[in-house]
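Participant: Here's a structure for you.
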Amino acid sequence: MIGVRALTKLYGSFTAVRSISFDVGPGEILGLVGPNGAGKTTTLRCVAGIISPSRGEVTIAGHDTRKDPVSAKRALAFIPDEPHLFEYLTVDEHLRFIARLYGVLDIDARLPPLLAELELSEKRRALPGELSRGMRQKLAIACGLLHDPTALILDEPLTGLDPGGIRRMRETIAARASSGAAVILSSHLLNLVEEMCTKLLVLRRGECVAYGTLSEIISTRPELVNRSLEDVFLELTRDDTVAR
Amino acid sequence: MKTGSVANSYLYLISTSGRNRLLTLLRRARSPRYGAALVVGAVYIWAFLVRPANTTGATTFLLGRTSEMIVTLLAVITLMGSWLFGSDITALAFSQAEVSFLFPAPVTRRSLIVYKLMRAQVAVLVNALIWVFVLRRGGTALPSPLRAVSLWILFSTLNFHRLGAALVRASVRAHGGVGARRTRTSIVAFALVGAALVGGALAHRAELRAASDPTTFLSSLGHVLAQPPAYWGLYPFHLVVAPTFARSVAEWGRLIGPAVAVMLLHAWWVLHTDAAFEDAALEASAERAKRAEAMRSRRSIMATSVPRAPTSTLPLAAHGHPSLAILWKNTLCLRRTAQLRVFVGPVIMAALLGSAFGSGLPTRTKVAMSALVLAGMLIIFGGRLIRNDLRQDMQHLPLLKTLPIAPSHIVLAEVASAAIPMTIVQIVLVAIAFVAFIGGHGAPFGTGTRLALLISSPAALLAINGALVTSQNATAVLFPAWIRLGPAVTTGVETLGQNVLATAANLLSLVVSLVLPAAAGWGILALASSARASALVIAVIVGAIILAAETYAAMSYLGHALARAEPAQT
């Protein structure tokens with residue numbers, strides 16, 4: 249569903265991401281982890297088509313993001329950590345706008361339950377400036393999920409959500425994966441990653457230092473057996489770690 | 032904290048921020064696109080400002096006595112806009128970082144105003160420098176450094192006045208009657224100035240009406256403004272304007288003292304009108320942050336648009352071409368963020384010029400002239416005032432780039448969002464002029480030609496607006512790091528020079544793109560020497576089609592550029 253081959257992103261002479269490859273199939277959730285500046289957001293933005301890879305290939309639902317970007321984007325939802333909203337569109341108008349762009353014809357039927365699920369029903373005529381940080385994040389999530397994407401990319405999706413919102417978001421991600429969506433989840437919340445993700449991609453300084461299921465990763469590093477994910481993460485992303 | 036160390040820390044913040052910003056902008060020039068733009072910009076600045084030029088009639092007029100009075104009047108009208116329609120709250124806006132660091136710091140609110148004044152000096156100094164070069168072409172005996180000092184005093188005073196008006200309005204809004212009483216001296220002074228101007232116009236209306244042509248009208252206007260009571264109202268402002276128009280060093284020496292005194296009086300006024308400043312500034316800053324969180328606010332004085340709470344919406348069908356959704360979104364944006372007060376100046380100017388062009392003619396002819404002047408002014412300035420296109424949406428580049436629409440369609444929809452409303456207003460104005468000319472005197476063309484222009488004007492206006500808006504959007508797409516993104520319209524007099532440069536460059540691009548359409552239109556008119564009206568319609572429409580084709584090619588190129596644009600560049 250999501251295929252990435254030898255993805256490299258250069259900014260001048262600086263290599264933000266170096267030759268990363270991975271696949272996320274239907275129903276899989278890939279956890280993307282790494283310390284600050286490891287290249288996680290750059291990787292996600294390349295996959296979402298926000299920035300162009302310097303080298304390599306990205307496919308979404310079989311569509312090459314370079315050759316057929318519109319088809320690739322139609323199958324995709326990218327939910328960033330900082331919600332990007334139009335300050336002059338209400339909650340309701342945001343969703344109608346997205347519906348038109350993605351060809352969601354039954355928007356009138358979909359809106360009420362979606363707004364109710366995200367506790368935005370009473371705010372449907374509010375502008376983003378009148379919403380709390382968490383509600384803005386919920387609106388961004390609603391916009392992302394509205395067209396039932398088959399590929400879902402989430403960059404720190406729980407930022408700003410209250411405990412109830414966090415629980416619902418976890419359930420939503422799991423439900424989307426169960427229904428066949430390929431999900432990439434970037435987060436510093438290692439317990440969330442451990443609980444939800446079917447496999448991991450660990451980045452350090454733009455390079456992949458580990459990729460696979462947690463057990464596969466640990467099997468290559470016997471000293472990490474019976475250690476917590478946090479210990480595994482810290483060990484893998486230590487500066488003297490050599491990629492294997 | 033000692034006053035000196037606070038001022039030093041403000042100076043440090045302003046100078047290091049300015050230096051770092053400049054270095055960041057220059058570093059961009061390493062990329063070929065920005066490097067080429069830097070060269071083109073340098074050549075443009077040289078040709079427009081620095082290139083040696085001879086004194087001409089136009090520039091002599093620019094520094095004449097009539098101009099002096101009219102500039103004074105325009106300055107006062109601009110300031111009245113701040114009092115009546117309020118650039119108020121945003122004149123006080125601080126960036127989020129400034130609110131976070133300066134407001135909790137152990138400094139007085141008065142020192143925060145000092146900081147605002149100091150920071151505004153960057154724009155004031157740049158603007159003064161631009162006008163030194165513009166007026167240098169007047170070829171007067173006044174040395175450039177003295178003119179620079181004059182302009183600095185003029186723009187600083189106008190800036191102080193605008194901030195003072197903002198503080199008075201904030202005080203009245205925050206404290207109601209108490210605030211009004213506290214600032215009554217300022218309010219009464221402003222009311223007296225307005226009354227003197229209105230009284231002057233009424234007292235000498237016969238002289239203004241008697242003018243038979245534009246030149247006589249402007250001379251009469253200058254004469255009326257130089258007579259009481261208008262003269263009394265303009266006097267303090269005239270004192271500030273006068274050194275800029277001095278014809279000799281000796282005259283400048285005589286005029287500069289009172290100008291400095293008026294400027295210092297304004298500074299004193301601002302520093303003693305600080306009631307409600309902190310609350311108002313915080314409110315302004317919060318609204319700015321809410322409005323455009325991604326916007327990197329680099330300017331202190333700008334007119335901004337705060338989205339109004341929606342009372343109605345526009346329907347959007349669930350099916351149809353997706354790019355129409357962009358048009359729908361931007362139309363809602365325009366409805367909710369349009370700043371009607373920025374149109375007050377052009378409307379007043381159009382009324383004045385229309386009256387001048389229609390001097391000695393019936394009122395309906397003056398109305399027609401005013402409508403045409405306003406339509407023309409909207410062609411020139413409309414793109415600056417209506418910004419519901421990529422100049423706003425480049426702030427949302429990450430979102431735009433995830434949308435399933437071809438980038439060239441995004442550009443087309445964005446340009447149409449700004450060009451269509453401008454065109455509609457202009458068509459209405461042209462229609463008003465057409466109707467007003469019927470049965471009147473002084474129409475510039477015969478009925479057949481006027482009808483031909485009326486018929487062909489929608490196509491021509493749409494093509495011209497599209498070309499101008501495309502060129503403005505091109506700067507947002509190609510050089511997002513160098514231009515100001517967001518809904519804000521800069522209206523302060525202290526940014527007038529920069530705006531003049533930008534507008535002239537925009538019009539220059541239009542002139543270049545009009546070469547081919549004009550040649551084609553001229554060819555059609557030359558071939559069809561008879562039936563001129565119908566030939567004119569065809570010529571204008573063919574020209575409009577060619578211009579639209581050129582614009583579409585530019586949009587396609589911009590679509591490629593948008594596809595390659597990355598958020599890190601904005």
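Note that the protein sequences, when read in sequence, are chains W and R. Note that the first sequence covers residues 249 to 492 in my numbering. Note that the second sequence covers residues 32 to 601 in my numbering. Even for Gly, the Cβ is constructed at its ideal location relative to N, Cα and C.
1. Using CA atoms only, rank isn't needed, just tell me which of V265(W), R344(W), S261(W) and L366(W) is closest to A357(W).
2. At 4 residues or longer, what runs of the alpha helix (DSSP H) sit wholly inside the region 122-208 of chain R?
3. Can you round the beta-carbon distance between I466(W) and G392(W) to whole angstroms, since I take them to be within the 8 Å contact cut?
4. Pull up the distance between the alpha-carbon of M417(W) and that of L56(R), whole angstroms please.
5. Restricting to Cα atoms, I'd like to know which of T446(W), R486(W), L375(W) and G260(W) is closest to G275(W).
6. Measure the C-alpha to C-alpha separation of Q423(R) and R415(R) and round it to an integer number of angstroms.
7. Give me the DSSP bridge partner(s) of R305(W).
8. Any beta-carbon of chain R closer than 8 Å to the one on A423(W)?
9. Looking at the C-beta of L451(W), does it have a partner C-beta in chain R at a distance below 8 Å?
10. Quick check on the burial criterion: 16 or more other C-beta atoms within 10 angstroms. Buried or exposed for T216(R)?
11. Mind listing the chain W neighbours of A437(R)? Cutoff is C-beta to C-beta under 9 Å, in chain order.
12. Looking only at C-alpha atoms, which of P260(R), I441(R) and M408(R) sits nearest to A234(R)?
13. The beta strand (DSSP E) that contains G279(W), what's its start and end?
14. Could you tell me whether any Cβ in chain W is nearer than 8 Å to the Cβ of T55(R)?
15. What residue ranges within the region 395-432 of chain R form continuous beta strand (DSSP E) runs of no fewer than 3 residues, ordered along the chain?
16. Taking 8 Å as the cut-off, decide whether the C-beta atoms of L280(W) and S434(W) are in contact.
17. Give the secondary structure of R475(W) by DSSP, where H, G and I count as helix, E and B as strand, and everything else as coil.
18. Quick one: which residues of the region 294-306 of chain W get their C-beta closer than 9 Å to a C-beta of chain R? List them in chain order.
19. For the region 211-260 of chain R, list the beta strand (DSSP E) runs that are entirely contained and at least 3 residues long, ordered along the chain.
20. With DSSP as the reference, label E335(W) as helix, strand or coil.
21. Hey, is the region 342-350 of chain R in contact with the region 370-383 of chain R, meaning 3+ C-beta pairs nearer than 8 Å?
22. Going by beta-carbon coordinates alone, are P429(R) and I298(W) separated by less than 8 Å?
23. So for F345(W), helix, strand or coil by DSSP?
24. Just checking my contact of E341(W) with T506(R) at CB under 8 Å: how many whole Å lie between their CB atoms?
25. Is the shortest distance between the beta-carbon of M333(R) and the beta-carbons of chain W less than 8 Å?
26. Closest by CA to L541(R), which one among E581(R), L558(R) and A592(R)?
27. Less than 8 Å between CB atoms is the rule here; does R58(R) satisfy it with respect to chain W?
28. Excluding five sequence neighbours on each side, which residues of the same chain lie with their C-beta closer than 7 Å to the C-beta of A60(R)?
29. If C294(W) and K257(W) are in contact, beta carbons under 8 Å, what's the gap, nearest whole angstrom?
30. Thinking C-beta only, is R372(W) closer than 8 Å to P331(W)?
31. In the region 370-431 of chain W, which residue ranges form an unbroken beta strand (DSSP E) of at least 3 residues, counting only runs that do not cross its ends?
32. Less than 7 Å separating the Cβ of G253(R) from some heavy atom of the ligand SAH?
33. By the 7 Å beta-carbon criterion, what residues does the region 540-568 of chain R contribute toward chain W?
34. Thinking C-beta only, is I277(W) closer than 8 Å to V493(W)?
35. By the criterion of Cβ-Cβ separation under 9 Å, what are the contact partners of A429(W) in chain R?
36. Determine the chain R residues that contact Y336(W) at a beta-carbon separation under 7 Å, and present them in chain order.
Facilitator: By the coordinates alone:
1. R344(W)
2. 127-133 and 140-167
3. Not really, about 33 Å apart at Cβ, beyond 8 Å.
4. 41 Å
5. T446(W)
6. 12 Å
7. The question names Arg, but residue 305(W) in the sequence shown is Glu. DSSP output for E305(W) lists R253(W) as bridge partner(s).
8. no
9. no
10. exposed
11. P317 and V318
12. P260(R)
13. I277 to V281
14. no
15. none
16. yes
17. coil
18. A296, G297, I298, I299 and S300
19. none
20. coil
21. no
22. yes
23. helix
24. Not really, about 29 Å apart at Cβ, beyond 8 Å.
25. At M333(R) the pLDDT is 35, less than 50, meaning the model places this residue with poor confidence; the figure from the coordinates comes in the next sentence. Not an interface residue.
26. E581(R)
27. no
28. G66 and L69
29. 6 Å
30. no
31. 399-403
32. Annotation note on the ligand SAH: not contained in the displayed structure, which lists no ligands.
33. none
34. Any property of residue 493(W) remains undetermined from this structure, which presents chain W solely from 249 to 492.
35. Those do not exist, as A429(W) stays about 16 Å from chain R at its closest Cβ, beyond 9 Å.
36. P338, L363, C364, R367 and T368
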